[in-house]
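Trainee:
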Amino acid sequence: MLSYNPPNAEKTAFLINQMSLKWKTVSNDFLLKIFLFMFFFFFLFIFLYWPPVSDYSDSDLFYHLSGGKFLFENHRIPCTSFFSFIEPMKSWNNYYWLFQAVVYSVYKFSGYFGLVLLRAIVFFTTVFFIWKFLQAGLNIKYFKTKYYISVIFIMIVISIFPRMLYSIRPHIFSYMLIIIFLYILEYKKNLVWLLPFLTIFWVNVHGIEYPILILIVLAFLIEQFIYKLVKYKNQIDVSRKEKLFLISLFYCLLISPNGINLLVMPFEISPFFSQIISEMAPVSWKRLTFFNFSSTYLSVFAFQNIITIFTLFSVIYLVIKKKIRIFHFILFAGGILLLFKNHRFIYEAIILFIPIIKNGIEGILSKENQSVDNKCQVLGLICIVIVPCLIFISHLNSRSKFPVTYNRVPAGIVGFLNQINVGGKIFNTPNNGGYYQWHLNSNYKIFMDLQLSLFSDLDLFNCIALMTNKQIFKDTTKKYDPSFITANIIDFIFENKDINYEKQEDGGPYVPVFFDDREILFVNKNHFPDLVEKYELKACLPFKLNEVDYKTIKEEELQLIVNELQRMEKIFDKSLNVNLTLCKAAIKRENYEKAMIIAEKIIQFHPSIYNGYSLKGQVYLEKKNYSEAIKYFKKALIKSNGYIDKALFYNLHIAYLKTNDVKNAYKTLRKSINVFAQDTKPDDLYTLGLLSILIRNPKLSDKYLSMAALTVPENDIELKEKIRKMRNDYKINK
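In our numbering, the protein residues as written are 2 to 735.
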């Protein structure tokens, strides 16, 4: 039987189909806009929420602030080692003096939050021009085009955000200016008259990167010359006036206090710096094959590699199709050279790759197929929603104290030195030199900071090797006779008898008097004997505090430690090291109210560190408030970011047992015990065996108890008997 089709059935079906496609496109566009809004919201929150100096950044910001202060107070550019006691005074060509002026002005006007706002403005200006560049000239009425542009855009932003978030340094202006130059040259040549002014700003705010500026301009002019020479039919029209503006940029490079001296600076970098500064080490091919998304930090590396590989395939595709522009290819070649020069330039390279990436997208997309398959949608959702969410959550969890992380800088030592205010020479570690010169009273002089264009290789070598090489220590202290010496707590090697760290009879003149979470301070007893008498540390050196056993320590010994710690705590009450020990001592003495106050102080000043939450949970455990104990132990686990602190897991398992939650008690303890580890004790295995019985898993209990029986010492009769009795009682002995 034949069915009847109305005359307009095909037309109606076509209209319905078109309406369906249009509705699908509208709904997809709406979702894409929501996802992009979420993406920007997350990053805006992070950039306004994240401290300017945190666990993940360096302290170079402080020597920039110090340089800006010097400029405004002395009305001349800081181009000498005015803060150092090295003689003769060193001089250099300060290629970022304008950056120092900017950050100091912002700080004077609005403090550290103003610097955070400056960082956010520069970042979002950079992001804005990246977006404008990617979508300029494309037919974005098609959802497929919008979709792929959005995915690539977000991957680029994720690839560059760490450098712009974790440090406020001149580089952030260079990233912004690179994309602005590219955007004007590609799509806004009527604004080419702005480039001379931007060039003058660039060479004064971060002049050492002028070769990138030359690369961009030369690449553009070379393309124009070649296209004109071969009479290329698709040549982009550039007026004579615009070309003159571009040529004038080479002269604008000289409009800085450094003049022609700036031209040699990028090529004077020491080859040894890469051995002490990781970001100056070259990038290997192996690094570009790294695709690990197990953490936010590693995900950034993976996205950087995806962008680099996509750029490489874009170049191959465009060359095959004969669609590659000379301008873009030169930028790509320059980016590759930067990429393999050192890690620091990976961000500049990615921005230089953007024109090639854009051309690759234009070549791959076609009007014939504007649908996006499910696999691409999954990839897009990962880039647009999931990854930014993970970044947001991880930063929310690990956000340090605002505005400055106290365990990142020697804040306690600075507080101590400023309080005693005796002045003198301080032989310091180089990485914290900026913090010292910014915060110390003016009657102190330090040895050096990490302005590596100012100080020599020998200065840096001398400064780093001082505390680990006895001969260098002897020669340097003889030459300079400093009143104070600082050393990193982690790196310091306590083998030098010129450092009197244990009140030795034959100990040297330098005596420990103070430490914080970053460094330990030694004073020359020949210069300030009164300070040594009043502040010398005898019982609580930092490397010994980790060895204290609070179960067996005698009260007299504990009191000596507490006395010295309380003396330091009165000067600087924010130290994690000091407060941790004082809190543990208070718990040992069953002074839980005091222990709670100290634990809350640790959380206040070190919110990203798990120890404060763990100690607060321990106090609640001792007070038999098990629900609160579990709450804070769980917070500590979140803050620990995967670090296994066996004491924390053990305490949490006890809290679960006290609330009769045997299942969670077993799961918690099991996570902290590796049965094959050498330090696993038979008591731990016995406890796991007992818990396995309580959760009704006798087979598993038999394995744990068998392992415990094999490892228990011969003289531990009591534990042997407990294991035997348990296996007999529950009839699991085979």
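Ideal Cβ placement from N, Cα and C applies to all residues, glycine included.
#1: Of all the options 82, 406, 238 and 292, which has the alpha carbon lying nearest to the alpha carbon of residue 737?
#2: Less than 8 Å between the CB atoms is what I'm expecting for residue 204 and residue 173, so what's the real figure, rounded?
#3: Residue range of the alpha helix (DSSP H) that residue 520 falls in?
#4: Are residue 515 and residue 569 touching if we call contact CB-CB under 8 Å?
#5: Can you name the residues that DSSP bridges to residue 446?
#6: Does the distance from the CB of residue 176 to the CB of residue 348 come in under 8 Å?
#7: Take residue 683 and list the residues in its own chain whose beta-carbon comes closer than 7 Å to its own, dropping the five residues that flank it on each side.
#8: The alpha helix (DSSP H) that contains residue 297, what's its start and end?
#9: Throw me the rounded Cβ distance for the residue 580 and residue 546 pair, which I believe falls under 8 Å.
#10: Taking only the alpha-carbon atoms, compute the straight-line gap between residue 439 and residue 127 and give it to the nearest angstrom.
#11: Write down every uninterrupted run of the alpha helix (DSSP H) in the stretch 200–241 whose length is 4 residues or greater and which is fully enclosed by it, in chain order.
#12: Quick check: the stretch 402–419 against the stretch 41–53, are at least 3 beta-carbon pairs closer than 8 Å?
#13: Kindly provide the ranges of any alpha helix (DSSP H) runs that are 4 or more residues long and lie completely inside the stretch 623–677, ordered along the chain.
#14: State yes or no: is the C-beta of residue 639 within less than 8 Å of the C-beta of residue 398?
#15: Excluding five sequence neighbours on each side, which residues of the same chain lie with their C-beta closer than 6 Å to the C-beta of residue 369?
#16: Where does residue 121 land, buried or exposed, given buried means 16+ other C-beta within 10 angstroms?
#17: Is it a yes or a no for the stretch 188–201 touching the stretch 299–316, going by three-plus beta-carbon pairs under 8 Å?
#18: Our contact map puts residue 652 next to residue 689 with C-beta atoms below 8 Å; I'd like the distance itself, whole angstroms only.
#19: What would DSSP say about residue 600, mapped onto helix, strand or coil?
#20: Do you know offhand how far residue 635's Cα is from residue 669's?
#21: Are the beta-carbon atoms belonging to residue 416 and residue 445 less than 8 Å from one another?
#22: For the ligand FAD, is there a heavy atom less than 7 Å away from the beta-carbon of residue 124?
#23: Are at least three pairs of beta-carbons, each pair with one atom in the stretch 547–556 and one in the stretch 521–537, less than 8 Å apart?
#24: Under a Cβ-count criterion, where at least 16 other Cβ atoms within 10 Å of its own Cβ denotes burial, should residue 265 be classed as buried or exposed?
#25: Counting pairs of beta carbons, one from the stretch 425–437 and one from the stretch 447–460, are three or more of them closer than 8 Å?
#26: Let me make sure I understand the geometry here. Which of 541, 201, 213 and 656 has the alpha-carbon closest to that of residue 337?
#27: In whole angstroms, what separates the C-alpha of residue 106 from that of residue 158?
#28: May I have the straight-line CA-CA distance separating residue 319 from residue 147, to the nearest angstrom?
#29: Considering Cα atoms alone, identify which of 278, 78 and 66 is closest to residue 109.
#30: Going by alpha carbons, who is nearest to residue 138 out of 510, 411 and 188?
#31: Which whole-angstrom value is the C-beta distance of residue 575 and residue 483, which I expect to be below 8 Å?
#32: To the nearest angstrom, how far is the alpha carbon of residue 582 from that of residue 596?
#33: Considering only residues of the same chain and omitting the five flanking positions on each side of residue 618, which have a CB-CB separation below 7 Å?
#34: What is the residue span of the alpha helix (DSSP H) that residue 486 lies within?
#35: By the three-class DSSP mapping on this structure, what secondary structure does residue 693 have?
#36: Determine the direct distance from the alpha carbon of residue 119 to that of residue 341, and round the result to whole angstroms.
Mentor: The structure says:
#1: An answer regarding residue 737 cannot be provided, because it is not within the stretch 2 to 735 covered by the chain.
#2: Not confirmed; about 16 Å, so no contact.
#3: Per DSSP, residue 520 belongs to no alpha helix (DSSP H); it is in the beta strand (DSSP E), 520–525.
#4: Residue 569 sits close to residue 515, with the two beta carbons spaced by under 8 Å.
#5: According to the DSSP secondary-structure assignment, residue 446 is paired through a beta bridge with 426.
#6: Contact flag set, yes.
#7: If the five residues before and after residue 683 are omitted, its C-beta is found closer than 7 Å to the C-beta atoms of 709, 712, 713 and 720, all from its own chain and listed in chain order.
#8: Here the alpha helix (DSSP H) through residue 297 covers 297–321.
#9: At roughly 12 Å, the Cβ-Cβ gap does not stay under 8 Å, so residue 580 and residue 546 are not in contact.
#10: Those two C-alpha atoms are separated by around 29 Å.
#11: For secondary structure counted as the alpha helix (DSSP H) over 4 or more consecutive residues, the stretch 200–241 holds these complete runs in sequence order: 211–231.
#12: Because the criterion of three Cβ pairs below 8 Å is met, the stretch 41–53 and the stretch 402–419 touch.
#13: Contiguous alpha helix (DSSP H) elements confined to the stretch 623–677 occur at 627–640, 647–659 and 663–673, taking only those with 4 or more residues.
#14: Against a cut-off of 8 Å, the Cβ pair of residue 398 and residue 639 comes out as a contact.
#15: Unreliable positioning characterises residue 369 in this predicted model, as indicated by a pLDDT of 49, which lies under 50. The coordinate reading is nonetheless provided below. So the list is empty, once near-sequence residues are dropped.
#16: So residue 121 counts as buried.
#17: Between the stretch 188–201 and the stretch 299–316, the count of Cβ pairs shorter than 8 Å is below three; the stretches do not touch.
#18: In this structure, residue 652 and residue 689 do not form a Cβ contact; the two beta carbons are roughly 16 Å apart against a cut-off of 8 Å.
#19: Helix at residue 600.
#20: Residue 635 and residue 669 have their C-alpha atoms some 10 Å from each other.
#21: Taking 8 Å as the Cβ cut-off, residue 416 and residue 445 do not qualify as a contacting pair.
#22: Because no ligand of any kind appears in the structure shown, any question about the ligand FAD cannot be addressed here.
#23: They do not touch, by the three-pair rule.
#24: Counting every other CB atom within 10 Å of its CB across the protein chains shown gives residue 265 a total below 16, marking it as exposed.
#25: Taking 8 Å as the limit for Cβ pairs, the verdict is that the stretch 447–460 does touch the stretch 425–437.
#26: Looking only at 541, 201, 213 and 656, the smallest Cα-Cα distance to residue 337 is reached by 213.
#27: For residue 106 and residue 158, the distance between alpha carbons rounds to 28 Å.
#28: Using only the alpha carbons, I get a separation of about 21 Å.
#29: If we check each option's Cα against that of residue 109, 66 comes out closest.
#30: Looking at the Cα atoms, 188 is the closest of the given residues.
#31: Contact annotation, residue 575 with residue 483: C-beta distance approximately 26 Å; criterion of less than 8 Å not satisfied.
#32: CA-CA distance, residue 582 to residue 596, rounds to 10 Å.
#33: Taken in chain order, the residues that qualify are 630, 633, 634, 637 and 652.
#34: No alpha helix (DSSP H) holds residue 486; the beta strand (DSSP E) holding it covers 485–489.
#35: In this structure, residue 693 counts as helix in the three-state DSSP scheme.
#36: If I take the Cα positions, the gap works out to 30 Å.
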